[in-house]
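>
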Amino acid sequence: MMQTILESVAGSRRLTVDDKDSTLDLLETCLQEVPVYRWFLGEGASPEAYRWLAQAMFEMNIHGLHGVFDSDELIALVAVTEPDAPPVTVSEELKALNRHYMTSIHGFVDRFREFGQVCVDAAVPGAIDIPINAVHPDHRRRGLSVRLIEPVLEYARRRGVPVTGSTTHPHMSAFYSERGGSMYSEYKLTGGPTLWMHRWDPPLAGTSD
Numbered sequence: 004m005m006q007t008i009l010e011s012v013a014g015s016r017r018l019t020v021d022d023k024d025s026t027l028d029l030l031e032t033c034l035q036e037v038p039v040y041r042w043f044l045g046e047g048a049s050p051e052a053y054r055w056l057a058q059a060m061f062e063m064n065i066h067g068l069h070g071v072f073d074s075d076e077l078i079a080l081v082a083v084t085e086p087d088a089p090p091v092t093v094s095e096e097l098k099a100l101n102r103h104y105m106t107s108i109h110g111f112v113d114r115f116r117e118f119g120q121v122c123v124d125a126a127v128p129g130a131i132d133i134p135i136n137a138v139h140p141d142h143r144r145r146g147l148s149v150r151l152i153e154p155v156l157e158y159a160r161r162r163g164v165p166v167t168g169s170t171t172h173p174h175m176s177a178f179y180s181e182r183g184g185s186m187y188s189e190y191k192l193t194g195g196p197t198l199w200m201h202r203w204d205p206p207l208a209g210t211s212d
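Structural data, given as structure tokens:
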């Protein structure tokens, strides 16, 4: 299982519902830097709106969240979605927040639908996906993203399946490219940033790395 692979990363463990507050703190900080989330919420969005988006990401990815801790502080996390991931149950609290923000933020529903359709159209069948990769600003340039992603790539390579990761942040796109992720799709969101989609394919049968 993916969580077993990631548990080999020093200082890391699977995140659970007990880690909700610390996970939302980290995501709320990081999401404000990511072009697609600023596009979703609009410039000048409130901290509460980013907190809502963080909660949505937390609940939708709870089965594949893994975090790195420094003492008791969550400083980095990655979400990994496998093709056979179990279904997600959304809390009543999040449903209420969804209704509030999706109806109160002008144009949000249209932007969300556009983004979702682009992702569906570009989906790679059978791939393991990395929908979230976040490192706290105070702990960057320490190789934390590499420590979290490389075991996922190795796990997928041994299983013979591809890995995908999309981003609207130029730095993260370069990070994926530097680690062998080929860009297989590029899409300019309406009135927003460019979405770059990368994939890592396993070696062909009978070949070696």
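When we follow the working numbering, the leftmost residue of the sequence shown carries the number 4, and every step to the right adds one. The C-beta atom is built at its ideal place from N, Cα and C for all residues, glycine as well. Fair warning: this is a prediction, and the values are worked out from it, not measured in the lab.
What are the boundary residues of the beta strand (DSSP E) that A271 is part of?
The requested residue 271 does not occur in the structure, where the chain is confined to residues 4 to 212.
> Taking only the alpha-carbon atoms, compute the straight-line gap between L192 and P154 and give it to the nearest angstrom.
Residue 192 sits at position 189 when you count from the first residue of the sequence shown. Residue 154 sits at position 151 when you count from the first residue of the sequence shown. For L192 and P154, the distance between alpha carbons rounds to 31 angstroms.
> Tell me, please, which residues DSSP counts as bridged to S92.
As a first step, residue 92 is located in the sequence shown; it is residue number 89 there, counting from the start. Checking the sequence, you will find Thr at residue 92 rather than Ser. Bridge partners of T92: none, in fact.
> Buried or exposed: H69, going by 16 or more other Cβ atoms within 10 Å of its Cβ?
Position 66 of the sequence shown, counted from the start, is the residue given in the question as residue 69. Burial call: buried.
> Does the Cβ-Cβ distance between V164 and G129 come in under 8 angstroms?
As a working mapping, residue 164 is identified with position 161 in the sequence shown. As a working mapping, residue 129 is identified with position 126 in the sequence shown. Yes, Cβ-Cβ distance for V164 and G129 is below 8 angstroms.
> D73 bridges to which residues according to DSSP?
On the sequence shown, residue 73 is found 70 positions in, with the first residue counted as 1. According to DSSP, which records beta bridges pairwise, D73 is partnered with E76.
> Could I get the ranges of all uninterrupted alpha helix (DSSP H) runs contained in the stretch 11-56, with 4 residues as the minimum, in chain order?
Those alpha helix (DSSP H) runs which fall completely within the stretch 11-56 and span 4+ residues are 23-34, 38-44.
> Under the rule that 16 or more other beta-carbon atoms within 10 Å means buried, what is F115, buried or exposed?
The residue you call residue 115 lines up with position 112 of the sequence shown. Label assigned to F115: exposed.
> Grab me the residues of K23's own chain with a C-beta within less than 7 angstroms of its C-beta, minus the 5 sequence neighbours each way, in chain order.
Position 20 of the sequence shown, counted from the first residue, corresponds to residue 23. Cβ within range, chain order: F61.
> In whole angstroms, what is the alpha-carbon distance linking S211 and W203?
For the purposes of this step, residue 211 is identified with residue 208 of the sequence shown, where counting begins at 1. For the purposes of this step, residue 203 is identified with residue 200 of the sequence shown, where counting begins at 1. Reliability of the predicted coordinates at S211 is poor, the pLDDT of 48 falling under 50, and the value obtained from them is presented with this limitation in mind. Rounded to the nearest angstrom, the two C-alpha atoms are 15 angstroms apart.
> Give me, in chain order, the residues of the same chain whose beta-carbon lies closer than 8 angstroms to that of H142; leave out the 5 immediate sequence neighbours on both sides.
Within the sequence shown, the letter at position 139 stands for residue 142. Answer for H142: D73, I78, A79, listed in chain order.
> Quick one, are the C-beta atoms of P86 and H66 less than 8 angstroms apart?
Within the sequence shown, residue 86 is the residue found at index 83, counting from 1. Within the sequence shown, residue 66 is the residue found at index 63, counting from 1. Taking 8 angstroms as the Cβ cut-off, P86 and H66 do not qualify as a contacting pair.
> Which class does L192 belong to by DSSP, given the choice of helix, strand or coil?
For the purposes of this step, residue 192 is taken as the residue at position 189 of the sequence shown. DSSP places L192 in coil when its eight states are reduced to three.
> Let's test the definition: count the other Cβ atoms within 10 Å of the Cβ of G168 and tell me whether it reaches 16, buried, or not, exposed.
By one-based count along the sequence shown, residue 168 stands at place 165. Classification of G168: buried, given that the 10 Å Cβ count is 16 or more.
> Give a yes or no on whether the C-beta atoms belonging to I135 and V81 are separated by under 8 angstroms.
For the purposes of this step, residue 135 is taken as residue 132 along the sequence shown, with counting starting at 1. For the purposes of this step, residue 81 is taken as residue 78 along the sequence shown, with counting starting at 1. Yes, the Cβ-Cβ distance between I135 and V81 is below 8 angstroms.
> By DSSP, does R145 sit in helix, in strand, or in coil?
Indexing the sequence shown from 1 puts residue 145 at position 142. Coil, per DSSP.
> Assuming I93 contacts L198 under a Cβ cut-off of 8 angstroms, what Cβ separation, rounded to an integer in Å, is found between them?
In the sequence shown, residue 93 corresponds to position 90, counting from 1. In the sequence shown, residue 198 corresponds to position 195, counting from 1. It should be pointed out that residue 93 corresponds to Val in this sequence rather than to Ile. Not really, about 24 angstroms apart at Cβ, beyond 8 angstroms.
> What is the DSSP secondary structure of G110, reduced to helix, strand or coil?
For the purposes of this step, residue 110 is taken as the residue at position 107 of the sequence shown. The answer is coil: DSSP assigns G110 none of H, G, I, E or B.
> For R161 versus P206, is the C-beta distance shorter than 8 angstroms?
On the sequence shown, position 158 is the one that residue 161 refers to. On the sequence shown, position 203 is the one that residue 206 refers to. Taking 8 angstroms as the Cβ cut-off, R161 and P206 do not qualify as a contacting pair.
> Might you give, ordered along the chain, the residues of its own chain that have their beta carbon closer than 8 angstroms to the beta carbon of R16, omitting 5 neighbours on each side?
The residue you call residue 16 lines up with position 13 of the sequence shown. Counting only Cβ-Cβ distances below 8 angstroms, and skipping sequence neighbours, we find E10, H69, G70, F72.
> So, is V123 buried or exposed, given that buried needs 16 or more other C-beta atoms within 10 angstroms?
Within the sequence shown, numbered from 1, the residue matching residue 123 stands at position 120. V123 should be labelled exposed.
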